[in-house]
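Mapping of the sequence shown onto my numbering: residues -16 to 464, in sequence order.
Notes follow once the structure below has been shown.
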Amino acid sequence: MTMGNWSLLGSAGSAYSGCQFIGSNPVITGNPPNRTICNGGSTTFSITATGATSYQWYQNTGSGFSALVNGAPFSGVTTGTLTITGATATMSGYQYRCVATNSSGAATSNSATLTVSSISATTTKTNVSCNGGVNGTATVTASGGIGPYTYSWAPSGGTAATATGLGVGVYTVTVTDNLGCSTTATATITQPTAISGTTVVTNIACNGSSTGAINLTPTGGTAPYTFNWGGGITTEDRTNLAAGSYSVTITDANGCTGTVNVTITQPTAMSSTISQTNISCNGGTNGTASIVVTGGTAPYTYSWSPSGGTAATASGLAAGTYTVTVTDANACTITRTITITQPASAVSGTTVVTNIACNGSSTGAINLTPTGGTAPYTFNWGGGITTEDRTNLAAGSYSVTITDANGCTGTVNVTITQPTAMSSTISQTNISCNGGTNGTASIVVTGGTAPYTYSWSPSGGTGSNSNRISSRNLYGNSNGC
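Take a look at the structure:
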């Protein structure tokens, strides 16, 4: 127990007159307890003391005690209760004591230790191996605080130190120590991008060929990759492909797979429609041939052989066989053959001529049969005569122009002949004796048409000579002339 202070009373030089008790120091009746709080928490240290008129709190950070002043995080430093607000981890292990005083002296409390529970947590993770998977894991390692710890993962993951079956996302774990202090840590679970691939496709230039190609570049996942096109084909790229749909399964280093579908196209097959204009007149060169092409890849170029030029239509063609080669923009070709025809023969005609029987008459006739060209025909004999045949013709030369259905013409020349005019030389022997019958007459005929027949009248027979006639007349030749 603290004793009171004693002093001697009396004036100097005076005799000792006795002692007087003037008071006692404060007495500590309650010491502050040790405190354990969470990092950032608040607490108080208190003492109780009798006889104290003032208080002062002190802090020992490891280099001895020093007086505190009010100011964050401290308040009440000159009262019996020290308040600490928002303690930090660095304050863990600091000591606090209070000195109580009065006019007689001071009393110092026992020191109390502040323990600040500061939990720290770190996470490790295993990311999702395949895009869209749920095989990610996250593990938290806690330190500090007061064990044992409890764990709570959000939005999922359970209550163990390791969360499993995680998909892509951010996971937060709350670690709580035995004191109820907690901290949080996060783990971000990622995933590779989905396995796919970009392709550069070479489509088929000419229908029906196998010149397609696929240049594949895998994307996503984790290299290296393997490829399966089916049918035992495991190359990354493909060549010499026909038109169609192709599918490749890409597998990455984690066994994740993705599928890429590719379509190789081809132009439609080149086809053509041929038209032609045949030659209208035998021997002409007004034939034409045209080709209209569909399919392939426009534009087209044309080449006619043995002549005809480089347009889709060849003109000025003579009769014959022509070949056109059409080439499209991809150098694909088709070849077509066209035969230009002409009338089998030139316009002409055959005639059956009836020549004049008797010189000077008009009994000639022409029976015309047109040939060659293309029926029907028209006829022009001149002078407005347009009949096919002619009759009642005099001897002479006749010409007819025959025009066929195509306007082609031909000329047929015909000559109507006649015999020369009949003439005669007469000789005679007169009757020697009056009343006799020994006269003769002879005729020599030229012209007309031999042979001649004779008829003497009124008598004389049918020969060229007549005997025993007195007089005669001559009639007729073989044509009745």
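Heads up, the beta-carbon is just placed ideally off N, CA and C, and yes, glycines get one too.
C-beta contact flag for Tyr305 and Ala348 at 9 Å:
Judged by beta-carbon spacing, Ala348 lies beyond the 9 Å limit of Tyr305, meaning their Cβ atoms are not closer than that value.
Roughly how many angstroms lie between the CA atoms of Val309 and Asn190, to the nearest whole one?
The alpha-carbon atoms of Val309 and Asn190 are separated by roughly 14 Å.
Below 8 Å on the Cβ atoms is my guess for Thr169 versus Thr106; work out the distance and round it to an integer in Å.
Indeed, because the Cβ distance is near 7 Å, the residues count as touching under 8 Å.
Taking only the alpha-carbon atoms, compute the straight-line gap between Val156 and Gly115 and give it to the nearest angstrom.
Distance between the alpha carbons of Val156 and Gly115 is about 22 Å.
Is Thr73 helix, strand or coil when you go by DSSP?
In this structure, Thr73 counts as helix in the three-state DSSP scheme.
Quick check: Gly476 and Thr398, are their CB atoms within less than 9 Å of each other?
Residue 476 cannot be examined here, being either before or after the span of the chain that is shown, -16 to 464.
Where does Ala83 fall in DSSP's three states?
Judged by DSSP in its simplified three-state form, Ala83 adopts strand.
Please identify the residue among Ile257, Gln401, Thr62, Gly24 whose C-alpha is closest to the C-alpha of Gly343.
Cα-wise, what sits closest to Gly343 is Gln401.
For the stretch 141 to 158 against the stretch 201 to 215, are there 3 or more C-beta pairs whose distance is under 8 Å?
Contact fails between the stretch 141 to 158 and the stretch 201 to 215, because fewer than three Cβ pairs, one in each stretch, are under 8 Å apart.
In chain order, each beta strand (DSSP E) run of at least 3 residues that lies wholly inside the stretch 111 to 147:
Taking only runs of at least 3 residues, the beta strand (DSSP E) segments lying wholly in the stretch 111 to 147 are 119 to 127, 133 to 137.
Contact between the stretch 29 to 38 and the stretch 5 to 20: three or more CB pairs below 8 Å?
By the Cβ criterion, the stretch 29 to 38 is in contact with the stretch 5 to 20, since at least three pairs of Cβ atoms, one from each stretch, lie closer than 8 Å.
With a threshold of 16 other CB atoms inside 10 Å of the CB of Ala252, please say whether the residue is buried or exposed.
Ala252 sits exposed, since fewer than 16 C-beta atoms from the chains shown fall within 10 Å of its C-beta.
Rounded C-alpha distance that separates Thr268 from Thr318
Straight across, the Cα-Cα distance linking Thr268 with Thr318 is about 23 Å.
Contacts around Ser328, its chain only, beta-carbon distance under 7 Å, and the 5 residues preceding and following it disregarded:
Asn265, Thr354, Gly355.
Skipping 5 residues on each side, what residues in its chain have a beta carbon closer than 6 Å to that of Tyr381?
The answer, listed in chain order, is Val397.
Quick check: Ser406 and Thr432, are their CB atoms within less than 9 Å of each other?
No; because the gap between Cβ atoms is not below 9 Å, this pair is not in contact.
Rounding to the nearest angstrom, what Cα-Cα distance links Phe4 and Ala90 in this structure?
Any reading at Phe4 is ruled out, since the residue's pLDDT is 39, under 50, leaving its predicted position unreliable.
Taking one C-beta from the stretch 287 to 305 and one from the stretch 360 to 377 each time, how about it: are there three or more such pairs within less than 8 Å?
Too few Cβ pairs lie closer than 8 Å, so no.
Look at the Cβ atom of Pro326, then the Cβ atom of Ser258, and state whether they are nearer than 9 Å.
If you check the CB distance, Pro326 and Ser258 do not come in under 9 Å.
Span of the beta strand (DSSP E) holding Gln42?
It spans 37 to 43 - the beta strand (DSSP E) in which Gln42 sits, taken as one unbroken run.
For Thr333 and Cys391, the rounded distance between their alpha carbons:
Straight-line Cα distance between these residues: approximately 17 Å.
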